[in-house]
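Take a look at the structure set out below.
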Amino acid sequence: MDKNLLNGIIKKYYDSSGKVLGILEDIQEEEKYLSKESLAYVANRLKMPLSQLYSIATFYSFFNLNPVGEHIISVCMGTACHVKGAPQILKNLEYLLGIKEGDVTEDGKFMLTTEDRHFSLNTARCFGCCSMAPVIRIDEKLYGYVNLGELPKILKKYGWKR
Ligand code: FES
Numbered sequence: 625m626d627k628n629l630l631n632g633i634i635k636k637y638y639d640s641s642g643k644v645l646g647i648l649e650d651i652q653e654e655e656k657y658l659s660k661e662s663l664a665y666v667a668n669r670l671k672m673p674l675s676q677l678y679s680i681a682t683f684y685s686f687f688n689l690n691p692v693g694e695h696i697i698s699v700c701m702g703t704a705c706h707v708k709g710a711p712q713i714l715k716n717l718e719y720l721l722g723i724k725e726g727d728v729t730e731d732g733k734f735m736l737t738t739e740d741r742h743f744s745l746n747t748a749r750c751f752g753c754c755s756m757a758p759v760i761r762i763d764e765k766l767y768g769y770v771n772l773g774e775l776p777k778i779l780k781k782y783g784w785k786r
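Here the sequence shown stands for residues 625 to 786, where the numbers follow our numbering.
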């Protein structure tokens with residue numbers, strides 16, 4: 625990431641107590657993930673061990689330490705969604721996107737990304753709208769009562785091509 629942009633983010637959040645989470649959130653918003661270079665730069669600027677910054681970044685599940693696709697699809701695997709077919713939704717998305725289950729990223733998180741980096745797919749625990757199960761989220765938008773037949777139609781809204 626550009627150093628001026630990074631400096632602006634650090635300046636915005638850093639005070640005597642240090643607001644590391646805000647810094648990391650803004651970097652992720654810009655880069656879509658936390659690159660090694662940006663983390664090293666921030667650690668250096670905040671004069672904190674890089675390992676400490678990594679600990680924070682890996683503790684919170686919403687931080688990505690690996691590049692992700694342009695659109696992130698999260699399948700809720702909470703109890704209500706699981707019962708209503710979330711595992712089949714996940715399998716079908718893997719099939720439609722041509723990515724396979726089981727890949728785990730460097731930081732130990734489950735995140736699959738298509739070769740063209742257009743989509744990433746992961747799972748979530750609960751979006752807090754269990755009555756709409758099964759639920760998926762694409763970027764910030766939630767889709768409830770999802771069924772297998774409508775998945776291609778939903779994906780097409782985000783530029784998916786078979
Ligand atoms: S279990 Fe899926 S939204 Fe709550």
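Quick reminder that beta carbons are idealized off the backbone N, C-alpha and C, glycines included.
Reference residue i, options the options, closest by Cα
{"i": "Cys-700", "options": "Thr-747, Gly-709, Phe-686, Gln-676", "result": "Thr-747"}
{"i": "Lys-627", "options": "Gly-752, Glu-654, Gly-646, Lys-724", "result": "Glu-654"}
{"i": "Ala-710", "options": "Val-666, Cys-750, Tyr-637, Val-644", "result": "Cys-750"}
{"i": "Arg-786", "options": "Leu-766, Pro-758, Glu-718, Leu-736", "result": "Glu-718"}
{"i": "Val-644", "options": "Ile-762, Leu-629, Leu-663", "result": "Leu-663"}
{"i": "Asn-631", "options": "Asn-668, Ile-713, Leu-766", "result": "Asn-668"}
{"i": "Lys-708", "options": "Met-756, Pro-691, Arg-741, His-695", "result": "Met-756"}
{"i": "Ile-651", "options": "Leu-674, Pro-673, Ala-681", "result": "Ala-681"}
{"i": "Asp-740", "options": "Cys-754, Lys-656, Leu-721", "result": "Leu-721"}
{"i": "Lys-715", "options": "Ser-659, Ile-760, Lys-780", "result": "Ile-760"}
DSSP-derived helix/strand/coil call for residue i
{"i": "Ser-640", "result": "Residue placement at Ser-640 cannot be trusted, given a pLDDT of 45 that sits under 50; the coordinates are not used to answer."}
{"i": "Ala-704", "result": "helix"}
{"i": "Asp-626", "result": "coil"}
{"i": "Lys-777", "result": "helix"}
{"i": "Lys-715", "result": "helix"}
{"i": "Gly-646", "result": "helix"}
{"i": "Asn-631", "result": "helix"}
{"i": "Ile-651", "result": "helix"}
Beta-ladder partner(s) of residue i, from DSSP
{"i": "Ala-745", "result": "Note on identity: in this sequence residue 745 is Leu, with Ala being the wrong assignment. In DSSP, Leu-745 forms a bridge with Ile-697, Leu-736."}
{"i": "Leu-766", "result": "Arg-761"}
Range covered by the beta strand (DSSP E) that runs through residue i
{"i": "Ile-762", "result": "760–762"}
Residue span of the alpha helix (DSSP H) that contains residue i, given as start and end
{"i": "Arg-669", "result": "660–670"}
{"i": "Tyr-678", "result": "674–683"}
Neighbour flag for residue i against chain C, beta carbons, 9 Å
{"i": "Arg-761", "result": "Chain labels in this structure do not include chain C; a single protein chain is all it has."}
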